[in-house]
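Working notes, beginning with the structure itself.
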Amino acid sequence: MIDPQLLKTNIEAIEENIRKRDLNIDLDKLKHLDESRRALKFESEKLRSEQKKLGKEIASASEKDKVILLEKAEKISDKVKSLSEETQQKDEEFFDAWIKIPNIVNSSSPVGKTDEDNKEIKKVGEPKNIKNPMTHLEIGENLGLIDVERASKISGSRFSYLFGDLVKIQFNLVSYTLNKLSEKGFNPTIPPVLVRENALFGTGFFPDDSDQVYEVQNDDLFLVGTSEVSLAALHTDEIIDMKNLPLRYAGYSTCFRREAGTYGKDTSGIFRVHQFDKVEMFSFCDPEKSNEEHEHILAIEEEILKDLEIPYRVVDVCTGDLGASAAKKYDIEAWIPSQQKYREVTSCSNTTDFQARRLNMRTKNEDGNTILHTLNGTALAVGRILIALLENNQQPDGSVTFSDDLGTILGVNKLS
RNA sequence: GGAGAGGUGGCUGAGUGGUCUAAAGCGCUCGCCUGCUAAGCGAGUGGGGGACGAAAGUCCCCUCGAGGGUUCAAAUCCCUCCCUCUCCGCCA
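Under this note's numbering, think of the first position of the first sequence as 28, with each following residue one higher.
In structure tokens, the structure reads:
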């Protein structure tokens, strides 16, 4: 949610933002709604003030006066009731509409409509020349490391079993990542993966992307699609001293996604599955410093991919392709030999005050309280990194060999 | 899952229908006092929103776990939900 004051103080900024994001929103209607809501509120508060004054008079009035005053009070009470109901309705109407206004994009985000307008910032690492590269699924199945066929019998499509050294590699990768992040001041965290609706609402996944989320109906809980949700909500309703910012967390969790509307996309292997594990970075930070923090998070993501010897490119996501909560977003795409393409393996966003306002998270210093900024970024999307590792290090004989450095991180030098 | 107790400001804790404009204490901030520190004395001390204003500010509303209800009037009475604690049962 963006600051409703903008309607009064800088409506041009919202207009420009809607244009940049290529959206169609009736701002005039919203502005009028806001004005009438304020007017109603003012009337309602005035009347309530009168009612309270009268109440005090009644308390100290003589028996005789009381009868007359009570009659008067009764009438006011009715009016207060109906007026405050009306005010509440208007408020709700306004906020239902306001909540749909996306975050103001950063002025440095490239303006564009679709992912084709995303801007490549750099390419790092040289893809190896692999003749007739196998897919990660072919490699994994041949070596007995991945089984999606049986998984589909048990759980349906888009699930997998991982076996043997691939499991060992996963644990070593997670351990390596958490160690690195811990050294950089990110507090390792195992967050809940079942959350209440408010956490999803506060992070901006609800109401827009509710069809991507698994729901546990009996208990009104939802499975998170990323630990960003439970990490962001960690400091809900808190006021954090600016001296203690930034607060950085590295959350390790399983992620659950329904992948609705992706039928036919990435149907093979473990690239797009309903359940995967991920280490996620999350920062609560001084509003003045969130741009720096964003670059910092991106740099860490790059460092990890370099350590893992995966060729990648960095993409600055364009305004039309940004989610509602992001002001700016970088994706990193790893080279996938079997597709001869770079594919997304990390994503980091500066959501500025958008999530923090919804979750009511503030920071204070001598000048008072302000909404803080939140940022998130993928440190390690395990499944997709495993894909990149298998495919980029495959050998013509179907085995996979890692360099000595990489082998040290993974705890495995060769898969055969 | 069963039985019980309870949720009040940064903390402790009083308050069972009307100056609650939430006592008191602790903590914190500032001042006085003072070789220094402590004690003592005095003042201040939550959050959100609105109206007016260039601003400083002035006035007002909301907020006693959350949401409803009763009433002229609710921290206080009623209902629903959430959370915490104690005991029993079950359990990795």
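Note that the Cβ used here is the ideal one computed from N, Cα and C, for glycine as well. Since we're looking at a predicted model, the values are computed, not measured.
For residue j and residue i, believed in contact at Cβ under 8 Å, the rounded distance
i: Val409; j: Leu200; result: 6 Å
i: Asn377; j: Ser317; result: 5 Å
i: Asn169; j: Gly425; result: 5 Å
i: Ala415; j: Ile359; result: With a Cβ gap of about 11 Å, Ala415 and Ile359 do not count as contacting.
i: Ala226; j: Ala178; result: With 8 Å as the limit, Ala226 and Ala178 do not qualify as a contact, their Cβ atoms being about 29 Å apart.
i: Pro218; j: Ser257; result: 4 Å
i: Lys292; j: Arg299; result: 7 Å
i: Val372; j: Ala361; result: 4 Å
i: Ser111; j: Ser63; result: Not really, about 15 Å apart at Cβ, beyond 8 Å.
i: Gly229; j: Arg385; result: 4 Å
i: Gln421; j: Pro160; result: 7 Å
i: Asn130; j: Ser352; result: 6 Å
i: Ile41; j: Leu33; result: 6 Å
i: Ile436; j: Tyr203; result: 5 Å
Start and end residues, alpha helix (DSSP H) containing residue i
i: Lys333; result: 317-334
i: Ile131; result: That residue, Ile131, is in no alpha helix (DSSP H); it is neither H nor E in DSSP.
i: Arg46; result: 38-47
i: Leu164; result: 163-169
Beta-ladder partner(s) of residue i, from DSSP
i: Val344; result: Bridge partners of Val344: none, in fact.
i: Thr397; result: Thr390
i: Gly278; result: Thr216, Glu307
i: Phe249; result: Val222, Glu242
i: Phe283; result: Gln302
i: Tyr188; result: Asp174
i: Gly288; result: DSSP, once it has assigned bridges, lists no residue as partnering Gly288.
i: Gln421; result: Val427
i: Tyr203; result: Answer by DSSP bridge pairing: none, since Tyr203 is not bridged.
i: Ala444; result: For the chain, the structure presents residues 28 to 443; residue 444 sits outside this window and is missing.
i: Asn403; result: Phe309, Ser376
i: Lys441; result: Thr428
Extent of the continuous beta strand (DSSP E) run through residue i
i: Glu265; result: First-last for Glu265: undefined, no H or E at that position.
i: Thr373; result: 368-377
i: Lys355; result: 355-363
i: Ile148; result: 146-151
Cβ neighbour criterion (16 or more within 10 Å) applied to residue i
i: Gly252; result: buried
i: His59; result: exposed
i: Glu393; result: exposed
i: Thr36; result: exposed
i: Lys117; result: buried
i: Val439; result: buried
i: Asn44; result: buried
i: Gln367; result: exposed
i: Leu97; result: exposed
i: Pro338; result: buried
i: Lys356; result: buried
i: Leu335; result: buried
i: Tyr290; result: exposed
i: Arg46; result: exposed
i: Val194; result: exposed
i: Thr405; result: buried
i: Asp313; result: buried
i: Asn156; result: exposed
i: Val240; result: buried
i: Val94; result: exposed
i: Val175; result: buried
i: Lys214; result: According to the sequence shown, residue 214 is Asn rather than Lys. Classification for Asn214: exposed.
In chain order, each beta strand (DSSP E) run of at least 3 residues that lies wholly inside the region 51-124: Annotation note: the region 51-124 contains no uninterrupted beta strand (DSSP E) run of length 3 or greater.
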